[in-house]
Amino acid sequence: MNKSHLFPKLFLTIMKITLQQLSICLVFCTFSYAHSAYSQFDLSKTVSLQMEKAEIKKVLSTIEKQVNVRFVYSSSNINTSQVVTINVNKKRLDQVLNELLLPLSVEYLVKENRIILRSNQEVGTIIPTPIVINSVNDPVVENNVSIDNTIKGTIIDENGEKLPGVSVMVKGTSRGITSNAKGEYSIAVTDDKAVLVFSYVGYERQEILVGNRTSLNVSLKVDNKSLSEVVVVGYGIVKRSDLTGSVSQVKSKELNVFPAANVLQALSGRAAGVQVTQNNGAPGAGVSVRIRGTNSIQGSNEPLYVVDGFPISGSNPTMLNNADIESIEILKDASATAIYGSRGANGVVLITTKQGKSGKTKVDFETSFSTQTLRKKLVLMNAQEYATFNNLQAVNDKLIPFFSQAQVDAFGEGFDWQNLVFQSAPMKTTSLNISGGNEKTQFSISGSFFGQDGIVKGSDYNRYSLRTNINHKVSEKFSVNLSNTITKLITGRKDSEGNSRGSSMISAAISAPPTFDPYNADGTYRVLAIAYPFVATDLVNPLNFINEQTNVINANRVLTNAALIYKPIREITVKISGGVENADDRTDNYTTRNYFLSIGRASVSTSQFISLLNENTISFDKTFKKIHSISALGGFTFQDFVSTSLSGSGNGFLSDVTETSGLSSATTPGIPSSSYSKSVLLSYLARVNYGLKDKYLATISVRRDGSSRYSDGNKWSYFPSAALAWRIANEGFMKNSKFISDLKLRASWGFTGSQAISPYATLNQLSTNRTVFNDALYTAFAPGTRLPGNLKWETTEQKDIGIDFAILNNRLLFTADYYIKNTRDLLNNVVLPASLGFTSTIQNIGEVQNNGIELGIDGHIFTGAFKWDLNANVSFNRNKVVKLTGGADILGGNVGGIIVINDVTNILREGQPIGMFWGYLEDGYTQEGKIKFQDLDGNGTINQNDKTYIGNPNPDFIYGINSIMSYKNFDLSVFIQGVQGNDLFNASAINNTIDIGFGVNMPKEVLTNHWTPTNINAKYPKISRNTNSRVSNRFIEDGSYLRLRNIQLAYNLPVVKWGIKWINSVQLYVSGQNLLTVTKYSWWDPEVNSKGGANSTSQGIDHNSYPTAKSFTAGLRTSF
Amino acid sequence: MEKSFSFLRTCFKIVNWSTLGAAFIMLFTSCEKLLVEEPKFMVVENFFNTASEVESAVNAIFVPLRGGNFTTYQTSLECQADFTYGRGSWAPLSEYKGLNDANISRVASLWNVFYLSIRNANLVIQNAPKGKSISKDDISKYIAEAKFMRAFNYFQLVRNWAGVPLRTEANMTEKDLKKSTVDEVYNLIVSDLKEAENALLDKPSQVGRPSKWAAKALLADVYLQLAKYAEARDKADEIIKSNKFSLVPVATKADFQTKVFGPELVSTTEEIFYFKYSRQLGQGNYMLWITNHPSTNLFNFGGAYVVYGQNTESFYRTWDDNDIRKALWEKVNIGLGPNTLISSKFADQKAVEQLGAGNDDPVYAYADVLLIYAEAASRVNNGPTPQAIEAINQVRRRGYGRNPTSVSPVDFVLSNYNADSFLDLVIRERGYEFIYLGKRWLDLKRTGKLKAIIQESKGISVVEKHLLWPIPVSELNFNKALDPAKDQNLGY
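Encoded structure:
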């Protein structure tokens, strides 16, 4: 134990000493560099060489001296010790290089003032092929052969935009040029057998036989899988090939394939190791995300979301419209997340919004319309069955039957309350994005609307957002950028959930007696609570919720981030940024005078949140002596979080006209309330990436965070990480492999933390209350029921090994990762005996471990006219409570709101997974038809000692499969996502199957399959109000599902063929969401999480949750 | 545009890079202060300094019992009376087979309520003496209020759960605490009340705070429970002799609803210790919702009618029709047959919400004192005394609309009763007087008449386990000093 901590401790000490100095050093380093200008090296410079039997490296270094250029190469790839004789006088360098390097199968490319040499054996030609990048307009190689034919043409991208700077080479020769600003090129070829090679970074390379043509227009396709593609990481970007950590990327195309209120819904099934669960089906409902399992018990397990560099608050980035997002990167291992220190333990989701590109102004317009319907209706008793059922109960409980046989016979089907409550509802999305710019300034502006009506009447979610990104180059050294998002969210909620016996909207929808319709003869609402004497007083006519109660949330979100970037020299970037996240929410609740027993009830509550961020970073990027590439980052950040709230209420209004706008006219004003909280996070961060010969990569990072939330002396903590990667594919022995196109091994280790507690959690806060003396209110002060404790950081240590593997020229890409995460000093709410008065406290109680495997495969199965891309990912995570203080169990997750059972449902026990369902095992029925529980300790009575594990909410594995097929103008995409092996606790079934005698309607099978003396193995016990229920395995169900999340058929209008010049592309599509779900789960939907995402002990509980919809969508995507 | 950029450019040229470096160093060293939390609320450690701070902490002792909680307690007890039935989820209470799951959960929440109130009392008892700007008198007064309330809570706990963990200021932070015996609990109750009796004011600053007399009344009730009849009699007698209290005369049923239990009363001459409610949001008496049926129109927010009676019961049938209190039991058709009775004792048509009725909860009224006296005096004397008869007659006369203190034709006559029959008489009179206050079940249990009377009135034999409530699972789960098998009450 001590030993294993020794290294980190030592490391921390060293870091502590050096970090501050290092940061300062980096600042001053800036000045020691001379300002030197860079431009493309000119290959037409001449050299004179007379060398006999000299090693090639000697020749190269002589050239370096003559023309002030640098050769960059790896001596393991290129045999530079070969001896040559050369004798040239004032000969052009390109010609010299051709002669010199030709026999060695070495090609070269010019990058500013460097000439990079690389082995050309892959191409299989002995003639070097210089590829020139970053050189616009100038033909770099003039041919010295006779010109037989000149080919001209224009190069465009997929969207029809002209591509400047594309390299055009005649295959097998040294001849090549780059396209000009209009995307035009012109090149001479010797004969009609010549092959032109078109290549451009980020695009698929194309080789075309010239034949007898004189003009050749080319359209290059974006190479999505390009290894040179950049990936966004914390405080920077890195080439995918240089990644040392585990990072998944999801692109905008995948995020926008179907309309979703929350971008996280679109993330579901897209990346290995990322589990996305919609808490319920309500419009705008929260989504919980787990990256590599559950680490924390007390704290949120939601990842940190960083939008364009700004770490935002809250667990869902709802301010953004999906169409505004360019890409999402998910940082999973410690090497990637440790730079976010105390907030990185649950993974980090980096969201990058769309930026403008220089070139022609582009207009993108997308719109869609969907119809949603209830995915699945529960099969409930009809009126006649309901009456029969209640009579049976009366007989069994020795009461007089409530209905005569004649009444029962007359009932028939009765009223279907599900049809009343759940409707078919539209969803609309529209977005318009305009982007473009020039060399100096690029912009992207977009406006969008998302509107979803819920399948429960009156519920909806509307988002209006306006986003602007502007980049401007002030000078060669200074640039500024600004990104700004303004969003308004209007949510009408009809999602009163949970509770029992029809006292919440969702519960009422299935509990209301089918023998009644919602209205009395006079048109007033029927009062179900007194409809029959046996009906629970809690049962509310659902129309009360639907028509007479409003709950509207108006939220304004602003996220602004501005940065000033200073590059004193090419290698150094100083970035000073400031940002603001502001959230103003206002919730208006009104209950009309028509609501059951209401005199009008109004409340308005507002909350304001503001977070200020200042980040100062300096980064350094340089390659030394051609083999050591170093990029380093150092910085200091400050972020504060201030929340305030204010609310008021009133009861008794003369008219419903005023709604929430007339609190002052309430007969009884409520007591206003307000609150304030503030926390501060200070951080120092540093990271070094080191690459040796493009084969060995290392990353070391450290962040030191100080948080105001922790006790004195425990406020600061270090979060270091280290990673190594080995690009085996770049080793000499792999160079010749035709089969393997990329192979990389990665290993990483690091610490991250979690801000698991809210501000002031270590203080024994007094809360205000009221009591009455005389006939007046008096203030009371007492602590809450949570006993404060002395707390320190919760830290997660993660180790990861991974492999990236590509074969057949990157046609199949394969990624696998294995990780172990150990979370120590776990903070948790520890329940105290109620007699203490304090019912809970927070303590650093123990340690949990997650370990797992993630596999991802990405294939381009067919690439011809019929194209088929298929990618799939699967992740296996196992978690385990390793240690708890004193080995004591922690019980948590009271069902809550259910009258018949008031017990915990989950347990944390050493050696077991987190959040195991904890309850009684049933053992058939007694002779009276009551539920029998297993007496595990054999002491003759059933008590807590008989509780055991009855289920596991953690899945065995989660997966996603995405297939995109295209043929001619048609695209068909199918997206399947699933979860396997998790259990759900169906708390909804407690009241609606076992809580008998309260007039609550139930599934039909409770009537058809209950205990009788002749049916002793029935699913349900005897129908009696004395049914004994406990938290038992009866309510545990298999929550596995496989879902056809989206299927889409799209048709791309052949606008080019039709000769419409002003349109780039038009796509029409139809799609369906959630059309098919394969599951054994009996209630609404297996994708459910009633207790919300942040909670960890009560995952997998379904308690009268707003059901999920299925939908059909038609839409248009177009670009001008 | 260009101009402003060139301005920026100039600015950056001017920036002296070494000052920026210095600024960095400044940042590193001065930020530490930012991490100190400065909350905008009060914390326990800095509280309890002034009289008003301590008083607000005393007020917090009452809070857990409010918001319908004490009403729920009274209702749980009332459903077990011989002349009432629980409806819906409360029905199993009237079946006397032990509590079912719904009622186990319900009484578990009551356990939490009593202990939260006890914790708040313990905080006052522990911290008030440390106060810097508070007088000795105030300290002793507030501690006395806290001890009164602590005793009150333990008195409820011990009668329903028997032995319970005894949390005082001395062990209030010990997580694991074993059960104390019934005697130990009563010892604390009595010693707390004795201290309260001495230190409490004759007339507190507001009605609703415990007075010296409230302490005496509660102590008398505790002695009665402990069968220390002489002490019970003497405590009750001190209150009677003080001449500070008298029954409110009534003439009609409506007088009861307005002058005795009315929503608009601030106080009455018979108030000794009431839970005070007001027509405020969340500050009203929940009993009106619990008892009323929407069709009674006595409460403008409907009602759950969870407790009801039957006019076929002997308790009702043998009740004299001239007793106005009988008229408060009204026949209401709630779908449970034509014989259903619902009490109209509590009425408020101007409540502001379900939990917003103004009627106070008469926890200890002068009638309690008179009837405690009557019973205790007769027990000590082994037969009623003239003072005992007078005490019960005052209650009876008022019930009949007579002057409580003048001899009347409805009076009981001393010579008609011996010790046993007088006890029956007092218990019956308590039944008439205290409907819906949760006293009947405890009276029957205390006097050992419970099983016989339930058998007689309802024909049900009470299962032994029904006599006590189960220790909550939440206590057994987390209090490691308790053994779930041995420490649970019998039968659960």
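So the protein sequences, as listed, match chains C and H.
Using the numbering used here, you'd call the opening residue of the first sequence number 148 and step up by one each time.
Using the numbering used here, you'd call the opening residue of the second sequence number 1198 and step up by one each time.
Ideal Cβ placement from N, Cα and C applies to all residues, glycine included.
Residue i versus residue j - alpha carbon distance
i	j	result
H:Lys1648	H:Ser1291	13 Å
C:Trp1065	C:Val1178	8 Å
C:Asn1175	H:Ser1377	31 Å
H:Ala1678	H:Asp1684	9 Å
H:Asn1243	C:Ser987	22 Å
C:Gly440	C:Lys1166	34 Å
H:Ala1562	H:Ile1469	5 Å
H:Asp1520	H:Trp1526	11 Å
C:Asn1139	C:Phe663	18 Å
C:Ser824	C:Ile757	11 Å
C:Ser811	C:Asn698	19 Å
C:Ala833	C:Leu760	18 Å
Local Cβ density within 10 Å of residue i, reported as buried at 16 or more and exposed below that
i	result
C:Phe1117	exposed
C:Phe886	exposed
C:Ile384	exposed
H:Glu1550	buried
C:Pro660	buried
C:His775	exposed
C:Ala483	buried
C:Ser826	buried
C:Ile436	Per the sequence shown, residue 436 of chain C should be read as Val rather than Ile. By the neighbour-count rule (16 or more Cβ atoms within 10 Å), C:Val436 is buried.
H:Pro1236	exposed
Residue i (DSSP reduced to helix, strand or coil)
i	result
C:Asp1249	strand
C:Tyr382	coil
C:Thr276	The pLDDT assigned to C:Thr276 is 35, lower than 50, so where the model puts this residue is not dependable, and the model offers no usable value.
C:Arg1172	coil
C:Asn975	strand
H:Pro1583	helix
C:Ala927	strand
C:Phe1145	coil
Neighbour flag for residue i against chain C, beta carbons, 9 Å
i	result
H:Glu1366	no
H:Ile1331	no
H:Phe1352	no
H:Val1233	yes
H:Ala1254	yes
H:Trp1186	Residue 1186 of chain H falls outside the range modelled here, since chain H spans only 1198 to 1689, and no answer is possible.
H:Ala1288	yes
is_contact[residue i, chain H] using C-beta, thresh 9 Å
i	result
C:Ala483	no
C:His1097	Here residue 1097 of chain C is Ile; the residue named in the question, His, does not match the sequence. It does not: the Cβ of C:Ile1097 has no partner Cβ on chain H nearer than 9 Å.
C:Asp1232	no
Using 8 Å as the threshold, is the segment 867 to 883 of chain C in touch with the segment 419 to 426 of chain C, meaning 3 or more CB pairs across them?
With the cut-off at 8 Å, the segment 867 to 883 of chain C and the segment 419 to 426 of chain C do not touch.
Should the segment 1527 to 1544 of chain H be called in touch with the segment 1413 to 1429 of chain H, which here means at least 3 C-beta pairs below 8 Å?
No: fewer than three Cβ pairs fall under 8 Å.
Does the segment 894 to 908 of chain C come close enough to the segment 941 to 948 of chain C to have 3 or more Cβ pairs within less than 8 Å?
Enough Cβ pairs lie closer than 8 Å, so yes.
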